Each structure stands twice: as structure tokens, then as C-alpha cells.
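Read through the structure below, which is laid out as C-alpha cells, and then see the notes.
4 protein chains.
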Amino acid sequence: MMLCGVIPILATPFNDDESLDLVSWQRLIRFMLDAGADGLTILGVLGEANRLTDAERDSLISSAVTTVEGRVPLVVGVSHAGTFAAGVLAARAEELGASAVMLAPHKEPVANDERIVELYKRVARATSLPIVLQDHPASTEVQMSAALIARIVDSVPSIQAIKAEAVPTAPKIRALREQCKTHVAILAGLGALYAPFDLAEGIDGFNTGFAFPEVLKAMVSAAHSGNFARVHALYARFAALIVFEQQPGLAVRKEILRRRGMIASARVRHPGAALPAGSALHLDRLLAAAFGGQDLSHKLEV
Amino acid sequence: MMLCGVIPILATPFNDDESLDLVSWQRLIRFMLDAGADGLTILGVLGEANRLTDAERDSLISSAVTTVEGRVPLVVGVSHAGTFAAGVLAARAEELGASAVMLAPHKEPVANDERIVELYKRVARATSLPIVLQDHPASTEVQMSAALIARIVDSVPSIQAIKAEAVPTAPKIRALREQCKTHVAILAGLGALYAPFDLAEGIDGFNTGFAFPEVLKAMVSAAHSGNFARVHALYARFAALIVFEQQPGLAVRKEILRRRGMIASARVRHPGAALPAGSALHLDRLLAAAFGGQDLSHKLEV
Amino acid sequence: MMLCGVIPILATPFNDDESLDLVSWQRLIRFMLDAGADGLTILGVLGEANRLTDAERDSLISSAVTTVEGRVPLVVGVSHAGTFAAGVLAARAEELGASAVMLAPHKEPVANDERIVELYKRVARATSLPIVLQDHPASTEVQMSAALIARIVDSVPSIQAIKAEAVPTAPKIRALREQCKTHVAILAGLGALYAPFDLAEGIDGFNTGFAFPEVLKAMVSAAHSGNFARVHALYARFAALIVFEQQPGLAVRKEILRRRGMIASARVRHPGAALPAGSALHLDRLLAAAFGGQDLSHKLEV
Amino acid sequence: MMLCGVIPILATPFNDDESLDLVSWQRLIRFMLDAGADGLTILGVLGEANRLTDAERDSLISSAVTTVEGRVPLVVGVSHAGTFAAGVLAARAEELGASAVMLAPHKEPVANDERIVELYKRVARATSLPIVLQDHPASTEVQMSAALIARIVDSVPSIQAIKAEAVPTAPKIRALREQCKTHVAILAGLGALYAPFDLAEGIDGFNTGFAFPEVLKAMVSAAHSGNFARVHALYARFAALIVFEQQPGLAVRKEILRRRGMIASARVRHPGAALPAGSALHLDRLLAAAFGGQDLSHKLEV
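Chains as they are written, first to last, in my numbering: chain A, 1 to 302; chain B, 303 to 604; chain C, 605 to 906; chain D, 907 to 1208.
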């Protein structure tokens, strides 16, 4: 299994009463597959994993497994405040048919690198699935140096990818490449905000929630063929949209998914903020400027 | 139902492999009842609730309900990053036989008082149980002013108690008394560190994990009969123990419970810290000084 | 005096031994004036104000006053952990010839809106200069609601501008416009990352450290003439540069200033991070792509 | 010079208009010397150093040097957001006659142990004075492992003492003793809250703001003669006072100093909180209980 290319992070669709909308869930998954996704990651930050019950997690995983039908790797977020529970979630994801798990450390009152190493070792013992190590201090409030991540990667063979989301990203990616003795995929996140720099550093793909995987596919393809002029041209064309979408708050992202026909409601679970006043109008203009007359509800040409 | 007096917060006992130890759980509960607890709170911070799976929560609640047999109120912590899930946990606690739920707000990227009010309103709609509002910024990183808490209490009738753990506690308790129009119980926490001041402010009891409810009972009793000289004498006698126990890290607390014979292992779930080097020796001296030759595994005379 | 248009935030130039470089300081100021700056702000976050002694502040202010010669407003940052000292700094800035002061609140252990109102009232009493209220939670860790800012603005007449840097910026700017009864200028910051959205919300200008005021001037001019197609075209052209520059760490910004010939060294004072590995190469490409063969050491045509 | 025994941290006295009260300053210093202080530390957290201008620092240092007349070591806090400025403050303290400086690291967006080592090395080059390394995460938000502190101590010979204020303190002190190859004094802080445990770990003294150095002297003396029963008896007698005083907010501490006649006003500089409602009454009772009929304005017998 290769964790590379464009692996969208999926939002979890809710009905307007905040209950799970599994119909939208399946439509969202099929849409992403049709748009060329090389894998799918569910139950991450954008998936509001921290606002779900364990039973809801099971429903979402099972439904995703059924819908994906093994066509691409299905990565399941299993980050948890407790290591034991993270192991339980990982084992459960494996039992339900996931292809890999994604795991970030939990902030503790006193930072302790040794315990972060142990976290990955323990979860690796709880599941035979490959692990994606997520380095996203903006959500975890945990800072892992490149040296620490390299040490984890080199001592936990089942880690096959790093989701590199610590800013500034380019020097961190460079340091990870230099310091990891084991080869692992390095995937960019953060809504592709730093796409041209991350691609120039030789990332293996994107693992992020930007709602237009077609755009990311085109960038990866251009970068892999050495055509960085095209990477920059694509970035220039979509930068305003990328910047708008990566703002704090998930409602903007879910609203774009809704407009693309992937999900029925942009509802974010409380206490997450609803779409801010004025955002719909900004989006109207951005989408018109970026895609002209194209029908957003189909795979886009970029 | 009255939420007052001494309501211990229970630790969750684990075996050395970090699995649940339900035998110790029942022993712990019975011990606390025998020691005179006026209620019990489970699945709070000391209960490592954030390191449990939902299935483990169910086991612990059911086992506690069975063991308590309705003799005292059983309060179940239901704090969750998501409001919807907190409501589900509250409904589930009710279904399993709990007497009340305890709820603290979750830190959001942008603080928003309105959403905290909504949190309590929504959970109150999800369960018919009374609610204990927990104000513990040290664990939640959420600051609620006395005015905000009063507003919540006055607009959510099912809130029957406030667990007042924002330092400095005495002026906060005073402000809550002045600003809440509705009468609610105010309970002190924080390991009873501020016991003499909190009692002088007229609290209705303790809701904390200090492993010697006998001591807290004696203090409450002295305070209620106006004997503050005895409150101070009790505090002086046990202050070193109280101070030692309330230090960050749960292992010290669990070690005391173990020494009292309530639980079989002081194990804290990873990534929680184990008992620090030297702490066992400090405890030996403290317990000897505080209780002399008494057998800690029985209800103590204070 | 009008605080609008493009008001660059100036970096403080240091020699390689971290001592003040007042020669570069004057060159930097003259360059910005020649490039069309409508005002200048010194001693802000980019100015590493928190790493300066009071004597160094005096030197920088005096030198700036002399160099600006009153051609445009000179705004001096006076944020301080203590209100009394902020007042002293404001009075001193006035004495030395500044045109206005910029002030952000200081994070306290317990957040308290009332004290933030008092801060602005007290500093307004300490100086007769106009005040720019800075709302930048990323550096202050203080969150001010639009309602609080409106209350401050409406009760402190000397506040003449808001530097609106709380994300997401567009809805905050909209809310400020709606809730402030007094008219004040609203200026965008954050390296112009959200320029098209901020301009669409009707900001009065930019108050930020982006090293190409020519670009910001062109955007403001386009927006004021209603030509948002040009705003978007400009943003697309410079977005990669804007995104690169606004990354955490001031060294990238100072390196661009150095390349433009404004300052002699990109040195950031310890413990600030030096230019990360690889960043020089990214910059080479970005500047070549954005400005082609133009000489960066002169005012650029955009 | 020995940095051991009881070295009070001094509050900075202000008049009711928040201006410096140098008369009280000298009275405070003389009082502490008369009470048996083995040294004095000024311009720390309790000294509200972060709310002072550089000119005020100079006044306070000069006045203290004059008043102390070399009888005991005078330690001056020089922590600053910038390393260069910390060096300037240290050199200035030396020039004005200080005996040593106290230095804590500054929180940076990305934690970096190497830069903390450099901080101490650089300040050690800026002054020939001995350095007290302060480890107080509660105010700095910087966590230094025992291994990091040992590395700093072993590579910066002028560090002669560690102010050990990271909780839990006892295991940290133990680890520092084990890991530092160089002998340095270890001093307890945190208002002496953990006095019996810190003393049992063999600390060399107290470096804290507790307003009764007589009590700390008695504890140190008892511990040094191996009389831990007396240590515990003293702690029991004064625990409620110690606990009350170490609560967040400096006003309580300054109020006690005022009652002892050391300073004229308990004023804390804005935005620091004033004495909370009810605190005066709690203090009345605590002081009466702890010291009976003794005149607090003289050296107390304990």
C-alpha cells in the first residue's frame, strides 16, 4: 500500500439536528473517489472526530469501508487523550476494515518526548495496520522536533507516512528528510496553504481537506514532472480560495462541500462556529472567479 | 436529592496492564460509602474519564449503580468536546441509573460565553437528571466569570450544584452566592486545598478526590456547627497531606487509595505520569504523622 | 491626521552583533516613504519591540521622527505588560515627536474585559496622541469580542483606528463596522494574507509588514475604485509571496527587506529564529516569479 | 558568596497612584534584613518586574544597593523577552552594585532547548555576576527538563543556584541533584507551599515571597539540624497562611507586607487584580490564629 498522491481528509456530514448523515457520507466518499483521490482519511480534525461517540465512529468507519470497496487506502484517525484507548480505537478500525490509522500525540501538563515515543510503540502493538504520524501543533498544542519524529519513525516500523503540518512547513520537511533513516512518505496538510513550497521540498502528496482534490492532483502531477512553473500558475489561480478555506472554523469547508453537492448540510457540531456572516458572499465570488461557468458538482477540469 | 456534604470524586482503578479493574471499583465505592460519603462522583478528571472508551464508561456506570444501590446520589461526569456527544453521554448515564451528571465546558479556539450557556441548555434537554456545573479552569482552560455562571444557573433549572474550582476560590464563591438568584449548592474541590476559606464562605460541602473523606466530613461538621477553631485545627493537622496530594499528577492520589486498600494498583493510564521517585517515602512519613498507628484500611477517627 | 492607506509596520534593523543599526533604520524609513507609504508604524511585533530596552526605543523613535520630518503620521507601539508603563511609553513617544501610538492588551491569568477597557482609558489619559487599537490574538493571546472593542472605541475618543488581526478577519471587520457607533479607521494586518476579503469588507487600508507596499497600494487603489477584478488579479500574482512571508518567524521578512536594500542584515534578535534552511532558495524563485527582471531596490511597478 | 538560607523575593511598593514608593522600598529591605534574611531578590515576579520601566528598575536597584550596604547578597531579576536586552539588564545590575542576577527563559512560539542553553551562555558573557537559574513554568510557560537544566548548569559556570519552582517540586529537586555534575545551590520557591517535601529533599534554602522569613528561617534551621518533626510542626502551624498567601494574585501578599508595616500601600499595578472581596477578613483570622497577640511589625518569634 502506498500512502501518497492526494488523500483528502473528509468532513463528517451532519443533518441539521447534528445527527450523522450517512447518506451524504457515502456520496462524499464516492465523489472524492471519482475526483481521483488516491486514498481517504476519515475521523481527523476536519471530521470533528473529537465530537463523536465511539458508536458513531463505528458507523462511519463501516460505512466508509463498504463504500470504498478497497479501491484506495482508507486511513482512520485514532488520536485520543489516552494511549490505551487509542490502541482500542486502532484495533477496532482494523477489525472494521480500515487500511491504516492516523495518530497525533495528546498534550500533557508536562511535555515529555519519551512518552510520545511510547505512544507510537504501544499503538503499533495494538494494530497491524500502517500508521500515519500527524504533526499538527495547531490542533494538538504538542511540539515535536524533527529529531523526535525521526526517532519515532526509525523505531516504529509500521509508521509509513508523516502528515507534516508544523509551520514553517518547508524547513521541517527538509529536516525530516535529512534526519529519518527510514523512508516514509511525507504528506502536506494545512489546506494546501504552503503547496508550492512543500512540493518544492519533495513531498509525496497532500493529505488535507481542501475541497478540490482535482486542483491538488494537478499540482502533484505538475511537480512530479518537474513543471514548477505550472505548480505556481495553479497556485496563483486558486490561492485566494485556498487561503479563504484554510481559515479557522470548519463551516467554510463544509459549505464548499455542500455547494459541490457532496453533503446535504454544512452544519458543524456545537460548539463549533456556524458559517460567519458574509462568508457566503465571499465564496460566491471566489468560486466564480476560480472555476467560471463549471458545474462544481462534477469533477472539475483545472 | 441533595448534592451536599462530602461527595468524593472517584479514581478509576486499572490493573497493571491498564485494563479496568472492576473488582477494585466496587471495593472503592463500598469503602467510600462506609466512610460516610454523602454522594459519589465518577468519571471526572481524577477518574481519567478522558482516557476511557464509551464502552468502559458504561461498565463503570453500571457497576457503580449496582454497588451504590441508591443509598446516595451517584453523579457521572459527561464533559465532552462536543455538545451533542455530551448530551448522548448524559442520556446514557440516566438510562444506566445515574442520579446526576457533572458537566464542564470545552475550550474552543475563540472563547464565546453564549455557546457555554447553550451547552448547558442543550445537555439539560438531553437528560432529566440534575446537573453539576464544574468550574475548573486548571483542567478545562475555560474561564467563566461569576456573572456568566450565574446567568447559566438562572436559566437552566436542572443545575443544582456548582463545583467551584477557580482560584482564588473564596472570592469566586462569594461572588456566586451574590449573583445567582437561584439557590444552588456550592461545592469545593481542588483536593480541599482551600478548605478553611471555602468553608468560611459557606460552601455546602466538598466534591473532591482527597482520599480521606473522614477528614472532610469532620471539617464540614465543625463548620456547620460554627466551630471554626476545630476547622483550623483539622486543617493544620492534615495540611501537609492535603498539599502533597493535590500536586499535579494522579499517581499520588491513587497510591494513597491503594495504601488504604481501596484499589489494587496505583496504575495511571499512559501518558499519565507514574508515581515520581521519592514520593513513596514522603507518603510514608506523611501518613504516619497524620494518622499515627491507625489502620488506614478502615474508616478513620479524626 | 488620517490613519488610512498603506501604513507599513517596520522591522527594527540590527547589526550582526544584534546592536541597533540606525543607518539601516533611516534608509528603511526613506525607502518606505519613497515607495508611497501613507504612514509608518514602528516598535510593533515585527519591530521586535519586546526585545528592546527603553533606551533603544528612544533612539529608534527619535531617529524616525527626524527622518520622517512630518511627511506622514508616525505610529509608535507602546504595548506593555503594565498599564502604568504603557502610559509612560506613550507619553515618551509624544514627547519625542510621534504622531500616534499603537496599543494591544496584555494577557492576564484571569481574562477580564473591564481591565482592557481601563487600559485604553488610562493610556488615553497619559497622552494626547491618537491611539491605534491592535486586535492581534496570535501575539497577545487576548481575545476581544467585537462588542468589547466597540465599547472601548465608543468610550475612548482618542482611538482613531483598529488594526484588525483576529481571524477570521472578514466577519470580525463586518461586526466592528456594525457595532462601533464612532467612526474609526479599520486597517488590515497579518501580512495582507486576507487582503481580498478584508478589502471587500471595506477596510481603510493596510497596517502590516509585507515588504512590498507598492503591491498593497495598488490593491487599495483598485478596491477604492471598485475594481475588484484587479484586486483579485494582484492577489493571485503575489499570493505565493504573501503566504511565504507571513509564516511564523521574522527572519524571512527581514531577509526580503535586506534583498530590497532597505537594511544591511536580516539578523533577528535571539531567541528569535534565524532564516530556516532552504528559505533563501524559495525566496529566489518567488521574487523572480513575482517581479521578473525588476530591480527590487527601487520602487516597483505593479 | 553563598546563595542559601532564606532569601526573600521582594514586592515592589507603589503609592496609591501606582508610582514607585522608594521610602517603603527601603523600609521593606531593612525589615527583611532585620528579620534575618540571608540575601534579597528584587525585580522578580512578585516584584512586578514586567510592569516596570527600565528607569524604574535603575532606581530600585540603586536604592536597594544603598540600603543593603553589602550585608547580604542582592540578587536582581533580569529576565526579558530578548536575550540581548537581558544581557544589558544584567550588565546594568552589575554596574549599579548588584551581587547576582536571576534569569528565566522566555516562551517562544516553537520550544527549543538549544536556545535556552544559549540564553544562559550569552547572559553569562554579559556580566561577571553569579546567575540564579529560575525554573518557574507557572509564570514562564517554559518547561525545562532536569536534563536540560543540568546541561545548562554544567556548561555555564557562573550559574550558582537554581530556583526550583516546577511542580511537583520534590522529584524535580531530586532529579536535579542526581543529574547536575556541578554543585549548585537549590532553592525552593512557590511561597514555601511544598516546604516540608523540599526540605526533605535537601534544598539549600528558600527564595520566595512568603512574608514571614522568620518562619522559613525556623524551618531551614530545624531541617539542617535534622529535626523534621519540628519542620512538620512549623508547617502545620503556618500551613493555612502559606496556602492563603500563595494563591494567584499579588495583592494578598502585598496586603500582608502592609500589615507588617513594611510598605505603605498594598497597591498592585494595573492590570493586576486588587485584593479580592473578603480577603481582608480571612487574613484577620489567619494572622490572629498564627501569631496570636504578637506585633507583626517586629521580627516574630516562631
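Where a beta carbon is used, it is the ideal one built from N, C-alpha and C, also for glycine.
Nothing here was measured: the structure is a model prediction, and the numbers come from that model.
Could you check whether the Cβ of residue i sits closer than 8 Å to any Cβ belonging to chain B?
{"i": "residue 1200 of chain D", "result": "no"}
{"i": "residue 1163 of chain D", "result": "no"}
{"i": "residue 738 of chain C", "result": "no"}
{"i": "residue 15 of chain A", "result": "no"}
{"i": "residue 58 of chain A", "result": "no"}
{"i": "residue 1138 of chain D", "result": "yes"}
With DSSP as the reference, label residue i as helix, strand or coil.
{"i": "residue 493 of chain B", "result": "helix"}
{"i": "residue 644 of chain C", "result": "strand"}
{"i": "residue 993 of chain D", "result": "helix"}
{"i": "residue 926 of chain D", "result": "strand"}
{"i": "residue 246 of chain A", "result": "coil"}
{"i": "residue 203 of chain A", "result": "coil"}
{"i": "residue 1116 of chain D", "result": "coil"}
{"i": "residue 866 of chain C", "result": "coil"}
{"i": "residue 899 of chain C", "result": "coil"}
{"i": "residue 908 of chain D", "result": "coil"}
{"i": "residue 483 of chain B", "result": "coil"}
{"i": "residue 630 of chain C", "result": "helix"}
{"i": "residue 938 of chain D", "result": "helix"}
{"i": "residue 748 of chain C", "result": "coil"}
Taking residue i and residue j to be in contact with their CB atoms under 8 Å, please state how far apart those CB atoms are, rounded to whole angstroms.
{"i": "residue 525 of chain B", "j": "residue 481 of chain B", "result": "With a Cβ gap of about 23 Å, residue 525 of chain B and residue 481 of chain B do not count as contacting."}
{"i": "residue 1162 of chain D", "j": "residue 1189 of chain D", "result": "7 Å"}
{"i": "residue 1112 of chain D", "j": "residue 912 of chain D", "result": "5 Å"}
{"i": "residue 739 of chain C", "j": "residue 694 of chain C", "result": "18 Å between Cβ atoms; not a contact."}
Hey, does residue i have any beta-carbon neighbour from chain D nearer than 8 Å?
{"i": "residue 513 of chain B", "result": "no"}
{"i": "residue 411 of chain B", "result": "no"}
{"i": "residue 550 of chain C", "result": "Nothing about residue 550 of chain C can be read from this structure; chain C reaches only from 605 to 906."}
{"i": "residue 708 of chain C", "result": "no"}
Using a Cβ-Cβ distance under 8 Å, would residue i count as near chain C?
{"i": "residue 300 of chain A", "result": "no"}
{"i": "residue 1023 of chain D", "result": "no"}
{"i": "residue 956 of chain D", "result": "yes"}
{"i": "residue 206 of chain A", "result": "no"}
Grab me the residues of residue i's own chain with a C-beta within less than 6 Å of its C-beta, minus the 5 sequence neighbours each way, in chain order.
{"i": "residue 1048 of chain D", "result": "1011, 1013"}
{"i": "residue 369 of chain B", "result": "328, 331"}
{"i": "residue 418 of chain B", "result": "407"}
{"i": "residue 1059 of chain D", "result": "1065, 1086, 1088, 1090"}
Grab me the residues of residue i's own chain with a C-beta within less than 8 Å of its C-beta, minus the 5 sequence neighbours each way, in chain order.
{"i": "residue 1192 of chain D", "result": "1146, 1147, 1150"}
{"i": "residue 258 of chain A", "result": "264, 265, 266"}
{"i": "residue 789 of chain C", "result": "606, 607, 608, 764, 765, 766, 808, 809"}
{"i": "residue 336 of chain B", "result": "601"}
Taking the straight line between their C-alpha atoms, what separation do you get for residue i and residue j?
{"i": "residue 434 of chain B", "j": "residue 461 of chain B", "result": "6 Å"}
{"i": "residue 808 of chain C", "j": "residue 822 of chain C", "result": "14 Å"}
{"i": "residue 780 of chain C", "j": "residue 101 of chain A", "result": "43 Å"}
{"i": "residue 1020 of chain D", "j": "residue 649 of chain C", "result": "23 Å"}
{"i": "residue 725 of chain C", "j": "residue 109 of chain A", "result": "37 Å"}
{"i": "residue 1181 of chain D", "j": "residue 880 of chain C", "result": "47 Å"}
{"i": "residue 674 of chain C", "j": "residue 701 of chain C", "result": "9 Å"}
Does chain A have any CB closer than 8 Å to the CB of residue i?
{"i": "residue 385 of chain B", "result": "yes"}
{"i": "residue 874 of chain C", "result": "no"}
{"i": "residue 844 of chain C", "result": "yes"}
{"i": "residue 323 of chain B", "result": "no"}
{"i": "residue 470 of chain B", "result": "no"}
Please list, in chain order, all residues of the same chain as residue i whose beta carbon is under 7 Å from its beta carbon, the five residues on each side excluded.
{"i": "residue 928 of chain D", "result": "965, 969"}
{"i": "residue 548 of chain B", "result": "492, 493, 495"}
How about residue i: is its C-beta nearer than 8 Å to some C-beta of chain F?
{"i": "residue 1085 of chain D", "result": "Chain labels in this structure do not include chain F; the protein chains are A, B, C and D."}
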